[in-house]
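>
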Amino acid sequence: MMKQAIFLQILLGILVCFTVLFANAEDPYRYYTWFVTYGTRAPLGVKQQVILINNQFPGPPIEAVTNDNIIVNVINQLDEPFLLTWHGVKQRKTSWQDGVLGTNCPIPPHSNWTYKFQLKDQIGTYMYYPSTSMHKAIGGYGALNIEQRSVISIPYPAPAGDFTLLVGDWYKAGDKALRKKLNSGLALPLPDGLLINGLHKASVFTGQKGKTYKFRITNVGISTSINFRIQGHKLVLIEVEGSHSLQEPYESLDIHPGQSVAVLVTLRGAIKDYYIVASTRFTKPILTTTGILRYQGSNTPASLPLPIAPTYHVHWSIKQARTFRLNLTANAARPNPQGSFHYGSIKIVRTIVLANVKAKINGKLRYTVNGISYVDPTTPLKLADWFNIPGVFTLNNIKDVPTSRPPALGVSVFGLTLHDFIEIVFQNTEPTIQSWHLDGTSFFVVGYGSGKWTTESKKRYNLADAISRHTVQVYPNSWTAVLVSLDNKGMWNLRSEIWPDRFLGKQTYLRVWNNEKSLYTETDIPPNALRCGKASH
């Protein structure tokens, strides 16, 4: 009996170990319930309607770790349909959670929908924001920061603290007024000001002398590039949208709409307050906002003059952009070095050149991509594709190169094959800067150039250590080239991050596909997926 009891105890111990093992085998879950409402705030000193999440403006941050599972129940208490998109989050094997009108039905007023996605193999500084209408212009945005797992090293000493700065332009007019102006065929004026974390001049960040802090800076604005700097302090760039960069010091950094960077700042100055400054780029007049970097124990307020901004001309910005390089020896979200993916030696199977042109269609201002000004159909493209619903979109109705076709409204979709390696060239023929974002994956920014791109331009590409990111600027009357591995099956939005331009048609979709029906390449439609348009039944 004694031996039998000992055997049962050992067996019970083994079962407990297996139970613990399997309980810990799955990556952690983080649950959120968000109430989306209107509220009143005065970001620029004038009371106006903004979008709040859980009564917060900006919305609550998501602080997570690589591979965490995120569950967000969004309760829409607005008077209009609403969606959130997870900007820069790769949504591995599924575009069902992407939160744009090409993949999701919007959440109707006074109802809810639950997003479920995994932060698979990602680190870095990201954000979320409304993708519907002009909602982003009045808030609803927030930070999404992803730390590395403890088993993955970082290529810099652990900072003493971590600060998140959401910087962006702001209009005193509400989203409905801005939308009405755009729909009437008129362009928007210069924004009324800039905000840092929803405030114009009151954000304070406190640290101890001699210590180093990580500052995560994201441009959450709808139209304007910014320059960021801290009085008397160097910014050491360490991360660009999920990629570890070469750790170069900068006096200031240009950050364009939809872009994020992380920098290290060491507090080596006297114990006092210092100005944190953000100002608009390539605008007349220049808009400026300030925050405060406060040394612990300071009794001395920050003093003028503010650190000067770089020259107005784009040459300075282009030169800086070319210095953003990938740290080839650093680990990514997995132990393998970032430089183990030799993108420069992969054969390009397709080149797409996108010309973005301002046009008049039916007497109103629109923006086209290769002649097509995008209009969202009532049925999301992903639902139409999944259920083989005809009449919603036609594959490859948009050409790979600019054409002389008259500008027209349409639903443009590129048909692409899973795992293809392609080249995308953004050709800007306008006198203003552009910013482009691709959902679902990141791309290598291999070249910037002035004038018109040609095949000869490839000779100037960086095929060794180009930064990998998800949002890239295109300078006036210039081109930007990126290389992308289409390793994520789904229907993915390629859009302007200058929101008025996107609202007026400057976007398209990439259908990344193969005929394999497998959960290894794409998940099934979620059981809770909303149905609308032709997919209602």
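Going left to right, the sequence shown walks through residues -25 to -1, 1 to 512 as mature numbering (1 follows the signal peptide of the UniProt record, and there is no 0) numbers them. C-beta: ideal position from N, C-alpha, C; glycine also.
(1) What do you reckon, are the CB atoms on residue 513 and valine 376 nearer than 8 Å?
(2) Tell me the rounded alpha-carbon separation between glycine 149 and threonine 15.
(3) Counting C-beta neighbours from all protein chains within 10 Å, is the total for asparagine 158 16 or more, i.e. buried, or is it exposed?
(4) Answer with buried or exposed for isoleucine 442, where buried requires no fewer than 16 other C-beta atoms within 10 angstroms of its C-beta.
(5) Between which two residues does the beta strand (DSSP E) holding arginine 486 run?
(6) Kindly identify the DSSP beta-bridge partner or partners of valine 388.
(7) Run through the stretch 178 to 240 for me and flag every whole beta strand (DSSP E) of 3 or more residues, listed as ranges in chain order.
(8) Applying the criterion that 16 or more other CB atoms from any shown protein chain within 10 Å of the CB defines a buried residue, is glutamine 97 buried or exposed?
(9) Out of curiosity, what's the CA-to-CA distance linking asparagine -2 and leucine 242?
(10) Helix, strand or coil for phenylalanine 478? Go by DSSP, reduced to three states.
(11) With distances taken Cα to Cα, identify the nearest neighbour of aspartate 395 among Pro381, Arg506, Leu461.
(12) Between Ala152, Gly160, Lys156, Phe203, which lies nearest to leucine 170 when the distance is taken from Cα to Cα?
(13) With the cut-off set at 8 Å, would you say glutamate 497 and tryptophan 411 are in Cβ contact?
(14) Strictly by DSSP, which residues pair up with methionine 109?
(15) Pick out the complete alpha helix (DSSP H) segments inside the stretch 278 to 346, 4 residues or longer, and give them in chain order.
(16) DSSP on tryptophan 361, reduced to helix/strand/coil?
(17) Assuming aspartate 43 and arginine 5 make a contact with CB atoms under 8 Å, what is their CB distance in whole Å?
(18) Taking all protein chains shown into account, decide if threonine 430 is buried (16 or more other Cβ within 10 angstroms of its Cβ) or exposed.
(19) Roughly how many angstroms separate the alpha carbons of residue 600 and threonine 378, rounded to a whole number?
(20) Spell out a yes or no on whether the stretch 71 to 87 and the stretch 351 to 368 are touching, meaning 3 or more CB-CB pairs, one atom from each, closer than 8 Å.
(21) Nearest by alpha-carbon distance to threonine 60: which of Tyr104, Ala253, Thr89, Lys509 is it?
(22) If we count Cβ pairs, one from each stretch, closer than 8 Å, do we get three or more for the stretch 228 to 237 versus the stretch 191 to 209?
(23) Once the 5 residues before and after glycine 20 are set aside, which same chain residues still bring their CB inside 7 Å of it?
(24) Is the CB-CB distance between leucine 370 and valine 487 below 8 Å?
(25) Using the DSSP secondary-structure output, state which residues sit across from alanine 441 in a beta bridge.
(26) Whose C-alpha, out of Gly244, Lys209, Arg269, Pro260, is nearest the C-alpha of alanine 237?
(27) List the endpoints of the continuous beta strand (DSSP E) containing alanine 118.
(28) Do three or more CB pairs link the stretch 418 to 430 to the stretch 449 to 459 at distances below 8 Å?
(29) Less than 6 Å between C-beta atoms, sequence neighbours within five positions excluded: which residues of the same chain meet that for alanine 359?
(30) Check the C-beta distance from tyrosine 342 over to aspartate 476 and give it rounded, since I have them as a contact under 8 Å.
(31) With distances taken between CB atoms, is the gap from alanine 383 to glycine 338 smaller than 8 Å?
(32) If you follow the beta strand (DSSP E) that leucine 169 is in, where does it begin and where does it stop?
(33) Would the stretch 212 to 224 count as touching the stretch 265 to 277 if we require 3 or more Cβ pairs under 8 Å?
(34) Could you tell me the alpha carbon to alpha carbon distance between arginine 380 and aspartate 351, rounded to whole angstroms?
(35) With 16 other CB atoms within 10 Å as the buried threshold, where does glycine 185 fall?
(36) Check each candidate in Pro81, Ile397, Asn403 and name the one with the smallest Cα separation from serine 106.
This is what the structure holds:
(1) Nothing can be reported for residue 513: it is not among the residues displayed for the chain, which extend from -25 to 512.
(2) Numbered from its first residue, the sequence shown carries residue 149 at position 174. Numbered from its first residue, the sequence shown carries residue 15 at position 40. Roughly 11 Å between the two C-alpha positions.
(3) Translated into the one-based positions of the sequence shown, residue 158 becomes position 183. So asparagine 158 counts as exposed.
(4) Taking the sequence shown and counting its residues from 1, the one referred to as residue 442 is at position 467. Classification for isoleucine 442: buried.
(5) Against the sequence shown, residue 486 aligns to sequence position 511. 482 to 488 is the extent of the beta strand (DSSP E) around arginine 486.
(6) Along the sequence shown, one-based indexing puts residue 388 at 413. Checking the DSSP bridge columns, you'll see valine 388 partnered with Leu370, Tyr484.
(7) Qualifying beta strand (DSSP E) stretches, in chain order: 179 to 182, 187 to 194, 201 to 205, 210 to 215, 228 to 230.
(8) As a first step, residue 97 must be located in the sequence shown, where it is residue number 122. Glutamine 97 should be labelled buried.
(9) Mapped onto the sequence shown, residue -2 falls at position 24. Mapped onto the sequence shown, residue 242 falls at position 267. Per-residue confidence for asparagine -2 stands at a pLDDT of 41, beneath the threshold of 50, marking its modelled position as unreliable; the derived number appears in the next sentence. Cα to Cα, asparagine -2 sits roughly 40 Å from leucine 242.
(10) As a working note, residue 478 is residue 503 in the sequence shown. Phenylalanine 478: helix per DSSP, three-state reduction.
(11) For the purposes of this step, residue 395 is identified with residue 420 of the sequence shown, where counting begins at 1. The shortest Cα separation from aspartate 395 among Pro381, Arg506, Leu461 belongs to Leu461.
(12) As a working mapping, residue 170 is identified with position 195 in the sequence shown. That would be Phe203, whose Cα lies nearest to the Cα of leucine 170.
(13) Here the question's residue 497 lines up with position 522 in the sequence shown. Here the question's residue 411 lines up with position 436 in the sequence shown. Taking 8 Å as the Cβ cut-off, glutamate 497 and tryptophan 411 do not qualify as a contacting pair.
(14) By one-based count along the sequence shown, residue 109 stands at place 134. According to DSSP, methionine 109 bridges with nothing at all.
(15) Along the length of the stretch 278 to 346, whole alpha helix (DSSP H) runs at least 4 residues long occupy 289 to 297, reported in chain order.
(16) As a first step, residue 361 must be located in the sequence shown, where it is residue number 386. Tryptophan 361 falls in the helix class under three-state DSSP.
(17) Position 68 of the sequence shown, counting from 1, holds the residue named residue 43. Position 30 of the sequence shown, counting from 1, holds the residue named residue 5. Sure, about 6 Å apart at Cβ, within 8 Å.
(18) In the sequence shown, counting from the first residue as 1, residue 430 sits at position 455. With fewer than 16 other Cβ atoms within 10 Å, it is exposed.
(19) Any property of residue 600 remains undetermined from this structure, which presents the chain solely from -25 to 512.
(20) yes
(21) Reading the sequence shown from its first residue, position 85 is the one you call residue 60. The residue with the shortest Cα to Cα distance from threonine 60 is Tyr104.
(22) yes
(23) Locating residue 20 in the sequence shown gives position 45, counting from the first residue. Beyond the five residues adjoining it in sequence on each side, glycine 20 comes within less than 7 Å, by CB distance, of no other residue in the same chain.
(24) Position 395 of the sequence shown, counting from 1, holds the residue named residue 370. Position 512 of the sequence shown, counting from 1, holds the residue named residue 487. No. Outside cutoff.
(25) Numbered from 1 along the sequence shown, position 466 holds the residue referred to as residue 441. Alanine 441 pairs with Arg300.
(26) Position 262 of the sequence shown, counting from 1, holds the residue named residue 237. Considering only alpha carbons, the answer is Lys209.
(27) As a working mapping, residue 118 is identified with position 143 in the sequence shown. Residues 117 to 122.
(28) yes
(29) Taking the first residue of the sequence shown as 1, we reach residue 359 at position 384. Excluding sequence neighbours, alanine 359 sits near Val367.
(30) In the sequence shown, the residue the question calls residue 342 occupies position 367. In the sequence shown, the residue the question calls residue 476 occupies position 501. The Cβ separation is near 5 Å, so the contact holds.
(31) Counting from one through the sequence shown, the residue named residue 383 turns up at place 408. Counting from one through the sequence shown, the residue named residue 338 turns up at place 363. Not closer than 8 Å, so no.
(32) Translated into positions along the sequence shown, residue 169 becomes position 194. Looking at the DSSP string, the run of the beta strand (DSSP E) that includes leucine 169 is 168 to 171.
(33) no
(34) The residue you call residue 380 lines up with position 405 of the sequence shown. The residue you call residue 351 lines up with position 376 of the sequence shown. One C-alpha to the other measures close to 21 Å.
(35) To locate residue 185, count along the sequence shown from 1; it is residue 210. The residue in question, glycine 185, is exposed, as its Cβ has fewer than 16 Cβ neighbours within 10 Å.
(36) Here residue 106 is taken as the residue at index 131 of the sequence shown, counted from 1. Closest by alpha carbon: Pro81.
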